[in-house]
Amino acid sequence: AQSVTQPDIHITVSEGASLELRCNYSYGATPYLFWYVQSPGQGLQLLLKYFSGDTLVQGIKGFEAEFKRSQSSFNLRKPSVHWSDAAEYFCALTGGFKTIFGAGTRLFVKA
Amino acid sequence: NAGVMQNPRHLVRRRGQEARLRCSPMKGHSHVYWYRQLPEEGLKFMVYLQKENIIDESGMPKERFSAEFPKEGPSILRIQQVVRGDSAAYFCASSPEGVPNEKLFFGSGTQLSVL
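As they're listed, the protein sequences go chains A and B. Okay, so the first sequence: first residue is -19 according to my numbering, each after it adds one. Okay, so the second sequence: first residue is 449 according to my numbering, each after it adds one.
Encoded structure:
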């Protein structure tokens, strides 16, 4: 069965600190993986995606993610968080016609 | 190039009424997806449509819910005889021709509140 798990419901980091959001997936083949960000009252915006090739992918707003097949993970990272990064982040997997989303991790940024 | 447009942004209905949610995909996009988001939860897939065809409706409740994407006009998600449990944010996404799901463009959603 296909599934996406984001173990952390909430994360709080200080502005300027580094960030890592965890994502684990279950899928029978090589997945298409995505990270989306959602600001309050808004739809989702694509940060980055992994289809194949280089396992370290760069996205918008200074985010990157690393695909690790052996760990079934696709963690999102940013070296220095800005207050404007406070939002909800969703990891997603595409299998067939569906894109399946994790439950999300809400990021709080403190000054 | 306008993005995915959803209307209304907020919809209030009393129990038993009908709710109609509209989604206009991005220009040139022929794949439309509907998702439902409950508080503190991720997005749950409901249905995937192409023009005039339902491709995958495995996430749609079997009763009261229907979706269409006509040749002309927006995609419509219709909920008949709404109940309080239908209260949620409903998001529409579209993707261009080619590989579906390669990149989804999301609308801002419709927040449905059932009184």
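C-beta atoms are modelled at their ideal positions from N, C-alpha and C, and glycine is treated no differently.
Proximal residues to residue i (C-beta, below 7 Å), its chain only, five neighbours per side dropped
i: residue 81 of chain A; result: -16, 70, 72
i: residue 494 of chain B; result: 482, 483, 484, 507, 508
i: residue 539 of chain B; result: 483, 485, 491, 554, 555, 557
i: residue 503 of chain B; result: 496, 497
i: residue 544 of chain B; result: 476, 477
Residue burial classification, residue i (beta-carbon count within 10 angstroms, cutoff 16)
i: residue 460 of chain B; result: exposed
i: residue 11 of chain A; result: buried
i: residue 537 of chain B; result: buried
i: residue 430 of chain B; result: Residue numbering for chain B in the displayed model covers 449 to 563; residue 430 of chain B lies beyond these limits and cannot be assessed.
i: residue 531 of chain B; result: exposed
i: residue 1 of chain A; result: buried
i: residue -19 of chain A; result: exposed
i: residue 79 of chain A; result: buried
i: residue 563 of chain B; result: exposed
i: residue 6 of chain A; result: exposed
i: residue 91 of chain A; result: exposed
Cβ-heavy atom distance, residue i to the ligand SAM, below 7 Å
i: residue 456 of chain B; result: Among the components of this structure there are no ligands whatsoever, and the ligand SAM is therefore not found.
Pairwise C-alpha distance: residue j and residue i
i: residue 523 of chain B; j: residue 479 of chain B; result: 10 Å
i: residue 68 of chain A; j: residue 453 of chain B; result: 21 Å
i: residue 8 of chain A; j: residue 24 of chain A; result: 26 Å
i: residue 457 of chain B; j: residue 469 of chain B; result: 9 Å
i: residue 51 of chain A; j: residue 45 of chain A; result: 14 Å
i: residue 521 of chain B; j: residue 487 of chain B; result: 30 Å
i: residue -14 of chain A; j: residue 15 of chain A; result: 11 Å
i: residue 85 of chain A; j: residue 527 of chain B; result: 29 Å
i: residue 552 of chain B; j: residue 39 of chain A; result: 15 Å
i: residue 474 of chain B; j: residue 550 of chain B; result: 15 Å
i: residue -11 of chain A; j: residue 505 of chain B; result: 29 Å
i: residue 533 of chain B; j: residue 463 of chain B; result: 10 Å
i: residue 512 of chain B; j: residue 4 of chain A; result: 34 Å
i: residue 451 of chain B; j: residue 76 of chain A; result: 24 Å
i: residue 514 of chain B; j: residue 63 of chain A; result: 41 Å
i: residue 510 of chain B; j: residue 74 of chain A; result: 23 Å
i: residue 87 of chain A; j: residue -9 of chain A; result: 5 Å
i: residue 59 of chain A; j: residue 466 of chain B; result: 48 Å
Proximal residues to residue i (C-beta, below 6 Å), its chain only, five neighbours per side dropped
i: residue 47 of chain A; result: 30, 35, 54
i: residue 455 of chain B; result: 470
i: residue 19 of chain A; result: 67
i: residue 37 of chain A; result: 28, 30, 45
Sequence-distant residues of its chain with Cβ nearer than 8 Å to residue i (five each side left out)
i: residue 499 of chain B; result: 478, 517, 518, 519
i: residue 32 of chain A; result: 10
8 Å contact criterion, which residue i and residue j should meet: CB distance rounded
i: residue -1 of chain A; j: residue 57 of chain A; result: 6 Å
i: residue 27 of chain A; j: residue 41 of chain A; result: 7 Å
i: residue 17 of chain A; j: residue 89 of chain A; result: Their Cβ separation, rounded to whole angstroms, is 13 Å, which puts residue 17 of chain A and residue 89 of chain A out of contact at 8 Å.
i: residue 66 of chain A; j: residue 489 of chain B; result: That pair is no contact at about 19 Å.
Sub-8 Å separation of residue i and residue j beta-carbons
i: residue 535 of chain B; j: residue 560 of chain B; result: yes
i: residue -4 of chain A; j: residue 61 of chain A; result: yes
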